[in-house]
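Encoded as structure tokens, the structure appears first; notes follow it.
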DNA sequence: TTACAAACCAAGCGCTTGCTTGGTAGCGTA
DNA sequence: TACGCTACCAAGCAAGCGCTTGGTTTGTAA
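Protein chains in written order, with the working numbering: chain A, 407 to 605; chain Z, 407 to 605.
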């Protein structure tokens with residue numbers, strides 16, 4: 407009954423399958439409503455065997471979050487590398503973040519956003535530090551866009567507004583719908599640099 | 407130890423105090439991590455006494471959510487009533503929604519956004535129906551803005567993007583910071599109708 | 001003063017939870 | 001063959017959970 411698809415940037419080791427199943431369940435039911443017995447059943451092992459791989463249920467959550475942060479930070483970096491035009495950089499960042507949130511790492515990313523407070527305090531600190539690297543990339547590009555005259559608003563505020571638009575997409579965006587990820591990215595880009603002149 | 411401030415549009419009856427305390431706890435710890443004993447302690451009663459007022463813990467959550475939806479739908483309606491200019495209407499809506507999310511009903515609104523899946527299926531339906539009335543107001547105004555030439559994008563998409571920007575504000579906006587609610591509202595408005603010409 | 005309902009208390013039941021424990025199967029190496 | 005390591009199972013414990021129960025206090029009105 408359990409056919410654990412491997413996604414979210416995890417490998418196909420027992421540990422990786424376990425993380426992938428956990429991410430899916432955490433997203434669908436939430437961390438607290440997912441039991442270790444659920445995760446075990448989905449992975450095809452006994453619940454006690456989980457603790458051979460992880461020290462606690464919370465440790466599983468923490469690992470899922472750290473993996474997805476690192477994976478998507480790398481993706482963000484790739485999106486700006488070698489791109490000179492600030493606006494093109496920004497378009498790349500928006501696409502990359504949307505890909506994270508509604509694309510291939512959707513499960514783990516949603517967990518990252520919604521189950522934050524289920525992390526132990528010390529783990530929150532570690533995740534926050536990893537998150538800071540991610541945000542640095544965004545702010546550098548947004549400053550470049552403003553310096554080039556592409557927008558006039560405060561980059562910090564704009565980043566927060568973009569973050570809201572992309573995160574919220576997990577609640578409504580349908581990849582099978584009429585609007586694809588690039589189309590949505592363009593819509594969000596227009597909220598930042600304005601709409602192009604009429605056709 | 408327990409001094410239950412009354413907020414979120416609840417009255418000061420035992421029932422209202424209970425709802426207000428529950429909203430605060432649900433926001434701070436999440437629904438699943440809040441025990442009926444926590445709510446009882448905060449309200450100043452025994453945990454069993456909760457069930458004199460509500461049939462279940464989930465019933466408390468549902469009541470909190472329905473109250474805040476109705477309260478803020480009324481606020482939204484007031485914001486557009488008697489206002490002719492579509493852009494002025496839109497500004498009023500953005501301000502009203504921000505007031506809901508980071509202002510006086512912040513606790514209950516955050517719960518509405520983040521604890522949705524903790525509702526029983528039948529209660530989700532009811533809340534969804536109430537939510538539809540709320541969204542109707544937004545879409546009417548956004549269509550008016552577009553018809554008046556204030557923007558060119560699809561009102562449905564724009565509403566979703568605005569919803570993301572306002573909801574996400576609960577994660578970072580500080581009322582004591584340099585930016586006040588009206589200032590943030592103006593920033594969001596500019597994401598929709600563009601920035602005004604340079605000074 | 002009596003009557004009655006709403007509001008509450010004290011105790012605890014039954015169940016689920018995360019996690020532990022002691023033991024075993026399979027496999028590569030010497 | 002013997003060793004040792006990783007991965008796993010079967011069973012169950014202690015704690016915490018939502019909720020129930022039977023009885024008591026409190027406020028209000030005739």
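For each residue, glycine too, the CB sits at the ideal point set by N, CA and C.
Three CB pairs or more closer than 8 angstroms across the region 507-518 of chain A and the region 567-584 of chain A: yes
Cα-Cα separation between residue 424/Z and residue 587/Z, rounded to whole angstroms: 28 angstroms
Residue 586/A, DSSP secondary structure in three states: coil
C-beta neighbour in chain Z for residue 388/A, strict 8 angstroms: In the structure as shown, chain A starts at 407 and stops at 605, and residue 388/A therefore has no counterpart that could be examined.
Secondary structure, alpha helix (DSSP H): runs of 4+ residues fully inside the region 449-514 of chain A: 456-459, 463-486 and 492-508
Per-residue burial, residue 534/A [other beta carbons within 10 Å of its own, 16 or more giving buried]: exposed
Beta-carbon spacing of residue 557/Z, residue 571/A below 8 angstroms: no
Helix, strand or coil at residue 659/Z according to DSSP, with G and I counted as helix: Since the first residue shown for chain Z is 407 and the last is 605, residue 659/Z is missing from the structure and cannot be characterised.
Proximity below 8 angstroms, CB of residue 574/A to CB of residue 573/Z: yes
Span of the alpha helix (DSSP H), counted from its first residue to its last, around residue 600/Z: Careful: residue 600/Z lies outside any alpha helix (DSSP H) and carries neither H nor E.
Partners in chain A for residue 594/Z, counting only beta-carbon separations shorter than 8 angstroms: What residue 594/Z touches in chain A: 567.
Per-residue DSSP class, three states only, for residue 437/A: coil
Burial state of residue 566/Z (16 or more Cβ within 10 Å): buried
Residue 557/A (DSSP reduced to helix, strand or coil): coil
Within-8 angstroms CB hit, residue 422/A to chain Z: no
Beta-carbon proximity list for residue 591/A, same chain, < 7 angstroms, skipping 5 on both sides: Excluding its 5 nearest sequence neighbours in each direction, residue 591/A has C-beta neighbours in its own chain below 7 angstroms: 497, 500, 501 and 504, listed in chain order.
Proximal residues, the region 562-587 of chain Z versus chain A, C-beta separation under 9 angstroms: 563, 564, 566, 567, 568, 569, 570, 571, 572, 573, 574, 575, 577, 578, 579 and 585
Alpha carbon of residue 547/Z to alpha carbon of residue 474/Z, nearest angstrom: 22 angstroms
C-alpha gap between residue 564/Z and residue 484/Z, whole angstroms: 22 angstroms
Inter-residue Cα distance where the pair is residue 469/A and residue 515/Z: 30 angstroms
Through-space distance from residue 517/A to residue 471/A, alpha-carbon basis: 7 angstroms
Sub-8 angstroms separation of residue 492/Z and residue 554/Z beta-carbons: For the 8 angstroms CB-CB criterion, residue 492/Z and residue 554/Z form a contact.
Residues near residue 443/Z by beta carbon distance below 6 angstroms, same chain, minus five either side: 453
CB-CB length for residue 479/Z against residue 540/Z, believed under 8 angstroms: 5 angstroms
Nearest-angstrom beta carbon gap, residue 451/A and residue 460/A [assumed within contact, 8 angstroms]: Wrong, their Cβ atoms sit about 12 angstroms apart, outside the cutoff.
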